[in-house]
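Per this note's numbering, residue 3 is the first one in the sequence shown, and the count goes up by one each step. Reviewing the structure listed below.
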Amino acid sequence: AWAEREARESFTLDRRGVSLNMVKALSRSRLLLGSLSLTRTSLKDVDLDNPPEDIDRQFLPYSAALASLSMSWERRDDTLNPERGHFFSAVGELGLPVFGTESDYQKVFLKYQRYQPLSSGLNLGLTGRLGLGNGLRYLPERFFAGGSNTFRGEEFELLGPLDPVTLKPYGGEAVLLVNADLTFALVPSWRELRVSSFFDLGNVYPTLDEFRPFDLQGAAGAGIRYRTPLGPVRLEIAWKLWGFDAQDKKGRPLVFLTIGNIF
3 AWAEREARES
13 FTLDRRGVSL
23 NMVKALSRSR
33 LLLGSLSLTR
43 TSLKDVDLDN
53 PPEDIDRQFL
63 PYSAALASLS
73 MSWERRDDTL
83 NPERGHFFSA
93 VGELGLPVFG
103 TESDYQKVFL
113 KYQRYQPLSS
123 GLNLGLTGRL
133 GLGNGLRYLP
143 ERFFAGGSNT
153 FRGEEFELLG
163 PLDPVTLKPY
173 GGEAVLLVNA
183 DLTFALVPSW
193 RELRVSSFFD
203 LGNVYPTLDE
213 FRPFDLQGAA
223 GAGIRYRTPL
233 GPVRLEIAWK
243 LWGFDAQDKK
253 GRPLVFLTIG
263 NIF
């Protein structure tokens, strides 16, 4: 049994449930994880005034029986501070209603990361993520993006569709993110301290029918990183390049202080 509370940009989530998890090692680098859960979710402090009709149940508590299956393939040289190798994961989730008045949904999320040394002290990191869903009428199940770990041209969860009145996000049924990071050790004898430049592409799409893989917003920036045993401490500044919406201020940079790589 478990319980969680999470403050999001548009709402506060309270969820409790019971889960049964099963893990199988397919090889030294591949894992298969299955999970069955029964959950009860309620929302508080929902800051949306005029959300689309297809998520008109966002204020109601709901119960769901969840079945998920995930596979991961880990070939990075270091999980927290990788310099070479790749990582792939795929997660599929099926949500079934506990009561007849509630909705079922399906979603899948794919992630691929590649790390490649280009020369002595110069490293390239690439991350791609794709999420697709159907029937995502409940806010917590929808995809959100924006911030230091997804798209650095927007503040936390503000990438994609926004409520026209409150300018708060209501997420989408599809998300596509691509991140490219170039890091360089300024002092060869002090490899923990690095400078970085990055380029992000991404978007959150309100419905699956509106998913367009080439309809992406862009951002770029630079920063300083210091590697620790828990991952790099990142100080980054980013500018959005195109795809401005109602809450954006053209030319205004965003500054992020984060620990850990993009995940």
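Even glycine gets a Cβ: it sits at the ideal position worked out from N, Cα and C.
Per DSSP, the beta bridge partners of Thr43 are Arg17, Tyr64.
Excluding sequence positions up to five before and after Pro119, its CB lies within less than 7 angstroms of the CB of Glu85, Arg86, Asn125, all in the same chain and listed in chain order.
In terms of CA proximity to Gly174, Phe145 leads the group Gly97, Phe145, Gly225. Per DSSP, the continuous beta strand (DSSP E) segment holding Ile239 begins and ends at 233 to 244. In this model, Glu95 and Leu50 are separated by some 26 angstroms (Cα to Cα). The segment 80 to 137 contains, as complete beta strand (DSSP E) runs of 3+ residues, the segments 87 to 99, 107 to 121, 124 to 136 (chain order). Per DSSP, reduced to three states, the secondary structure at Asp56 is helical.
Under a 10 Å Cβ-count criterion, Asn52 is classified as exposed, with fewer than 16 other Cβ atoms of the shown protein chains found around its own Cβ. Scanning its chain for C-beta atoms nearer than 6 angstroms, with the 5 sequence neighbours on each side dropped, one finds around Leu134 the residues Val110, Ala176, in chain order.
In this structure, Ser37 places its C-beta atom within 8 angstroms of the C-beta atom of Ser70. Proximity to Trp192 across Thr209, Asn205, Thr230 peaks at Thr230, based on C-alpha coordinates.
DSSP places Glu76 within a strand segment (E or B) once states are collapsed to three. By the C-beta criterion, the segment 63 to 79 is judged not to be in contact with the segment 178 to 192, since fewer than 3 inter-stretch pairs fall below 8 angstroms. Looking from the CA of Tyr114, the closest CA among Gly97, Met73, Arg154, Tyr107 belongs to Met73.
Ile264 is a Cβ neighbour of Asn151, given a cutoff of 8 angstroms. DSSP places Leu141 within a helical segment (H, G or I) once states are collapsed to three. Straight-line spacing of the CA atoms in Ser39 and Gln108 works out to 15 angstroms.
Membership of Asn205 in the beta strand (DSSP E) is indicated by the continuous run 192 to 207.
Here Asp183 carries a strand assignment [DSSP, helix/strand/coil]. When Cβ pairs closer than 8 angstroms are counted between the two stretches, the segment 214 to 233 is seen to touch the segment 193 to 202, the count reaching three or more. Leu210 carries a helical assignment under DSSP once its states are collapsed to helix, strand and coil.
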